[in-house]
Amino acid sequence: MARRAVSVIAGLALALLTLGPVIVVLNRAGGLSALGPGLLKAGDWQAVRFTLWQALLSAGVSVALAVPVAKALVRQRFPGRAALVTLMGAPFILPVIVAVMGLIAVFGQAGLVNDLLGALGLPGVDVYGLHGVVLAHVFFNLPLAVRMLLNGWQAVPGERLRLASSLGLTRGAMWRVVDWPVVTRVAPGAFVVIFVICLTSFAVALTLGGGPRATTVELAIYQAMRFDFDLGRAAVLSLMQLALGLAAGLVALKVARTEGFGVGRDRTLLRRDGCGWTRLWDFGWITLAALFLLVPLGAVVARGVPGLALLRADTLIAAGHSLAVAAVSTVLCMAWAVALANRRGELLSLAAITVSPLVLGTGLFLMLRPYVNPFSMALPVTALVNALMGLPFALRIITPQAEAVQADFGRLRASLGLTAWAWLRLVWLPRLRRPMGFAAGLVAALAMGDLGVIALFADPDRATLPLQVYRLMGSYQMEAAAGAALLLLGLSLGAFVLLDRGGRLAEV
0 MARRAVSVIA
10 GLALALLTLG
20 PVIVVLNRAG
30 GLSALGPGLL
40 KAGDWQAVRF
50 TLWQALLSAG
60 VSVALAVPVA
70 KALVRQRFPG
80 RAALVTLMGA
90 PFILPVIVAV
100 MGLIAVFGQA
110 GLVNDLLGAL
120 GLPGVDVYGL
130 HGVVLAHVFF
140 NLPLAVRMLL
150 NGWQAVPGER
160 LRLASSLGLT
170 RGAMWRVVDW
180 PVVTRVAPGA
190 FVVIFVICLT
200 SFAVALTLGG
210 GPRATTVELA
220 IYQAMRFDFD
230 LGRAAVLSLM
240 QLALGLAAGL
250 VALKVARTEG
260 FGVGRDRTLL
270 RRDGCGWTRL
280 WDFGWITLAA
290 LFLLVPLGAV
300 VARGVPGLAL
310 LRADTLIAAG
320 HSLAVAAVST
330 VLCMAWAVAL
340 ANRRGELLSL
350 AAITVSPLVL
360 GTGLFLMLRP
370 YVNPFSMALP
380 VTALVNALMG
390 LPFALRIITP
400 QAEAVQADFG
410 RLRASLGLTA
420 WAWLRLVWLP
430 RLRRPMGFAA
440 GLVAALAMGD
450 LGVIALFADP
460 DRATLPLQVY
470 RLMGSYQMEA
480 AAGAALLLLG
490 LSLGAFVLLD
500 RGGRLAEV
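Just so it is clear: in the sequence shown, position 287 is 286 by numbering that gives the first Met the number 0, and no numbers are missing.
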């Protein structure tokens, strides 16, 4: 009963903080009376079609590629594997504009790939347009899908693998009995989270879209607010975006499996089906994924090292602000995730990343203005919004394992009469340390690199490190901006590694 009350309170707070700002913006635009049939333009419908198409492609390709890569990492053990898994997660936690710079350095007109194709006498590739947007989204989201699937495979009890080995199951039988249940339980949720991320794509479409035909809904919202100051149109587009994300969540919940893998003794057992030609196949996938994800990351590092010597005191102060915001966001988000770790909570949390951050920030600004100076609340509001934005990722990582624990141990809990606190301390948290550590690291890294609400609220004394990077780029201090971006990458990756490793039960 107590847990249900906590879950209801957390859900109501989440709904208020996500839908409240949209309602405020809509009310400021004149309320429902401002919503006429001609409010949306023809370009807005083109933006909706393009947004859906690129999100479907991006999510589908990311999850499809993640399955063989994650399975290869589960089956194979080699020196440096843990470091590779960690580094392969770096693209997802990179600030978008920094990562786009790395992609252009590799796939752009003067990038490494086109230089190689030119040397071979082959035509070059164009990174702009639909294929560029999909490429960037796969670059960002493939690591997330890999880690989610990896956590799913690691939740399989070692006893099940030992039984499969003793029965001499073929690779096809292993896929049907062990691997396919993992994919059907984790992949639908991973697809939805990535789909929703791509629905709200802004910086990627702005830099790689290549024109009006490659405009996303988020870009249309930005244009409505920035150039036309048409709050009614921006609110309607934001509600459409919200409806699309929630619809995708409902579909995923219908097709996802929720049963557990059975109770084990929490012992790690190495798989024995990764030898021979399978080993060559697995290392081929690992190599391709590592090259695709790490070469652009190396380009970012190479450009940033000379700029480290140009870092000034204001950049270091901004880095301190980012660390504080990330710490508060992570604690708040994980408390929210523990309270809402079920399928209904996961669906509700999708609203947090489906609602436009631009509309969310504007609504919060309007809500705070009658009572306090919004600029003085820049850092607390940024921490709150980052916690909201990170909640869907945390729940998607935690919920499958949480439901499996409930399915495996729920009857035992009832028979022993465990209290909510005893259940949390003795059963729930010990078996969810690894996904919770990964989720906390992911939220901290995303909060560290976010440039959203802070851009609307911040004054010169309250800048975070991402905002400082953009300010340096805006003043054409490109070397200093590259150095600050490298510092941001180091802090984000450091926070992710610290929390992710802290939550592991064993080496992944």
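All C-beta atoms in this analysis are idealised placements derived from N, C-alpha and C, irrespective of residue type, glycine included.
A quick note: this is a predicted structure, and the numbers were derived from the prediction, not measured.
Own chain partners of residue i with C-beta closer than 6 Å, once the 5 adjacent residues on each side are dropped
i	result
G131	L207
L331	A386
V262	Because the pLDDT of V262 is 46, which lies under 50, any placement of that residue in the model is unreliable, and the number read from its coordinates should be weighed accordingly. So the list reads D407, once near-sequence residues are dropped.
V99	T206
F201	E217
S491	I92, A444, M447 and G448
Sequence-distant residues of the same chain with beta carbon closer than 7 Å to residue i, five excluded per side
i	result
G88	P142, R146 and F495
L394	A336, L339, A340, G344, E345 and S348
L95	Note that residue 95 is Val in the sequence shown, not Leu. Answer for V95: A202 and V203, listed in chain order.
Whether residue i touches residue j by CB criterion (7 Å)
i	j	result
L116	G110	no
A135	V203	yes
M447	S321	yes
V380	S237	no
A69	L149	yes
V468	A480	yes
A144	A65	yes
F437	I396	yes
A318	L464	yes
D313	R74	no
V294	V105	yes
V324	T17	no
A350	L241	yes
P67	G362	no
G511	L307	For the chain, the structure presents residues 0 to 507; residue 511 sits outside this window and is missing.
A439	L365	no
W152	V181	yes
M376	L383	no
V126	G107	yes
L378	R470	no
A219	D43	yes
DSSP state of residue i mapped onto helix, strand, coil
i	result
T199	coil
F228	coil
G297	helix
T314	helix
L240	It should be pointed out that residue 240 corresponds to Gln in this sequence rather than to Leu. Helix.
F408	helix
F77	coil
A109	coil
A234	helix
Q53	helix
Q400	helix
Q476	coil
N509	Absent from the structure is residue 509, since the part of the chain shown begins at 0 and ends at 507.
T215	coil
P67	helix
L378	helix
V126	coil
N372	coil
L15	helix
L119	coil
Exposed unless 16 or more other CB atoms sit within 10 angstroms - verdict on residue i
i	result
Q400	buried
P78	exposed
N372	exposed
V216	buried
M477	exposed
I8	exposed
F228	exposed
A172	exposed
S328	buried
R430	buried
R302	buried
T286	exposed
G297	exposed
Residues near residue i in its chain [Cβ-Cβ closer than 8 Å; skip 5 each side]
i	result
N140	S57, A58, S61, F91, I193, I196 and C197
Extent of the continuous alpha helix (DSSP H) run through residue i
i	result
Q153	L129 to Q153
V358	P356 to L367
Y469	L464 to G473
M447	R432 to G448
A419	A419 to W422
F91	A89 to I92
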